[in-house]
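A.B. asks: Residue numbers for the sequence shown follow full-length UniProt numbering, so the first one is 1 and each next one is one higher.
We put the beta carbon where it would ideally sit given N, CA and C, even for glycine.
Pasting a structure below so you can have a look.
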Amino acid sequence: MLTDTNKDYRNTTNCPVLVDVALKKCALERKIQQDHKRAKIMYNFVHDKQDVYFKPFSEIYNCKCAYCGAWIGISDIRLFEVDHFICEDAFSKDTAGRSEAGKVSNLVLACYSCNRDKGKLMIDEDHQGTLNPDDGSIAQVFDRNEDYYICIRPDYAEDQVVVDFYQKLLLGSEFRRLDYLLLEIKNFISTQRTSNPTVAEKLEQCLGALIMKRNKTLI
1 MLTDTNKDYR NTTNCPVLVD VALKKCALER KIQQDHKRAK IMYNFVHDKQ DVYFKPFSEI
61 YNCKCAYCGA WIGISDIRLF EVDHFICEDA FSKDTAGRSE AGKVSNLVLA CYSCNRDKGK
121 LMIDEDHQGT LNPDDGSIAQ VFDRNEDYYI CIRPDYAEDQ VVVDFYQKLL LGSEFRRLDY
181 LLLEIKNFIS TQRTSNPTVA EKLEQCLGAL IMKRNKTLI
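This is how it looks when you write it as structure tokens:
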């Protein structure tokens, strides 16, 4: 679990931290079950961006990718999906297995890249706790270095499951760094709106252009 002395690599300076993720996900699942008495596979309700449950699910994660920290406001919402943390292939193919895989507790908000790159990657039981994005455990495994790249912490550098996860999701790539820096700019603009509105306006124009260029390369 993340401690106060360790900064979460997914957050920039002014980003809110994740709070009570598991409890909020349980509450959302209860809400879906109340609204849909016959609901069995929660994923079917949560993943649809047009449905009423996608927004509250996203807000549990502060509208950010649970793996890399990309923010919906920077990454086009079309590039955000709902991922099965433990992949569907780890469960039986019958309704019971799909229901277990599709529980809200096993679902996380992920950017398109993390979700698709992760794909059918199997995470063994021991590492399901180590790489848990909901309770901050994953932030004990990965860090943000002085050049803003996501890197593996030394204690896990030889852990092959961690290395495979890191490489599969391209966590060390340039565009993960770019997303972080864009969010830093966005947060800095927020601090300047009152004291330096002219500067804030110019920075906002630059940020908009950068976001547009970024999304054109990824869509």
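Please work out which residues of its chain come closer than 8 Å, Cβ to Cβ, to Leu181, disregarding the five sequence neighbours upstream and downstream, and give them in chain order.
C.D. replies: So the list reads Tyr148, once near-sequence residues are dropped.
A.B. asks: Leaving aside the five residues before and after Glu204 along the sequence, list all residues of the same chain whose C-beta is less than 8 Å from its C-beta, in chain order.
C.D. replies: Same-chain partners within the cutoff: Ile189.
A.B. asks: Using the Cα positions of Thr5 and Ile77, report the straight-line distance between them to the nearest angstrom.
C.D. replies: Residue confidence is low: Thr5 scores 40 on pLDDT, short of 50, so the model does not pin down where it sits. Its coordinate-derived value is still stated next. Near 32 Å, if we compare the C-alpha coordinates of Ile77 and Thr5.
A.B. asks: If you check the beta carbons only, do Ser99 and Ile41 fall under 7 Å apart?
C.D. replies: It is a contact, given that the beta carbons lie within the stated cut-off.
A.B. asks: Would you kindly report the start and end of the unbroken beta strand (DSSP E) that includes Cys114?
C.D. replies: Element bounds for Cys114: not the beta strand (DSSP E) but the alpha helix (DSSP H), 112-118.
A.B. asks: Is Val19 helix, strand or coil when you go by DSSP?
C.D. replies: Three-state DSSP puts Val19 in coil, outside helix and strand.
A.B. asks: Taking the DSSP output, what are the residues bridged to His84?
C.D. replies: DSSP, once it has assigned bridges, lists Leu107 as partnering His84.
A.B. asks: Tell me whether Arg193 sits in a helix, a strand or coil according to DSSP, three-state version.
C.D. replies: DSSP places Arg193 in coil when its eight states are reduced to three.
A.B. asks: Please state if the CB of Leu183 and the CB of Thr13 are separated by a distance shorter than 7 Å.
C.D. replies: Taking 7 Å as the Cβ cut-off, Thr13 and Leu183 do not qualify as a contacting pair.
A.B. asks: Span of the alpha helix (DSSP H) holding Phe45?
C.D. replies: Its alpha helix (DSSP H) spans residues 43-46.
A.B. asks: Evaluate contact between the stretch 81-89 and the stretch 111-124, counting only Cβ atoms and requiring at least three cross-stretch pairs below 8 Å.
C.D. replies: Touching, yes.
A.B. asks: Going by the CB atoms, is the gap between Lys25 and Val104 shorter than 7 Å?
C.D. replies: In this structure, Lys25 lies closer than 7 Å to Val104 by Cβ.
A.B. asks: Tell me whether the beta-carbon of Ala66 lies closer than 7 Å to the beta-carbon of Leu107.
C.D. replies: No, Cβ-Cβ distance for Ala66 and Leu107 is not below 7 Å.
A.B. asks: Report all residues from its chain with a CB closer than 8 Å to the CB of Arg153; omit the five preceding and five following residues, and keep chain order.
C.D. replies: Excluding residues within five positions, the ones whose Cβ falls inside 8 Å are Gln140, Val141, Phe142, Asp143.
A.B. asks: What would DSSP say about Ile123, mapped onto helix, strand or coil?
C.D. replies: Looking at Ile123 - three-state DSSP - the assignment turns out to be coil, as it is neither helix nor strand.
A.B. asks: Between which two residues does the alpha helix (DSSP H) containing Ile77 stretch?
C.D. replies: That residue, Ile77, is in no alpha helix (DSSP H); it is neither H nor E in DSSP.
A.B. asks: Starting from the N-terminal side, write out each stretch of the alpha helix (DSSP H) that is 4 residues or longer and does not extend beyond the stretch 122-157.
C.D. replies: Segments of the alpha helix (DSSP H) lying fully in the stretch 122-157: 125-130.
A.B. asks: Does DSSP put Lys40 in a helix, a strand or coil?
C.D. replies: Here Lys40 sits in coil by DSSP.
A.B. asks: Could you pull the start and end residues of the alpha helix (DSSP H) that Gly97 belongs to?
C.D. replies: It spans 95-101 - the alpha helix (DSSP H) in which Gly97 sits, taken as one unbroken run.
A.B. asks: Applying the criterion that 16 or more other CB atoms from any shown protein chain within 10 Å of the CB defines a buried residue, is Cys111 buried or exposed?
C.D. replies: It is buried - the Cβ of Cys111 has at least 16 other Cβ atoms within 10 Å.
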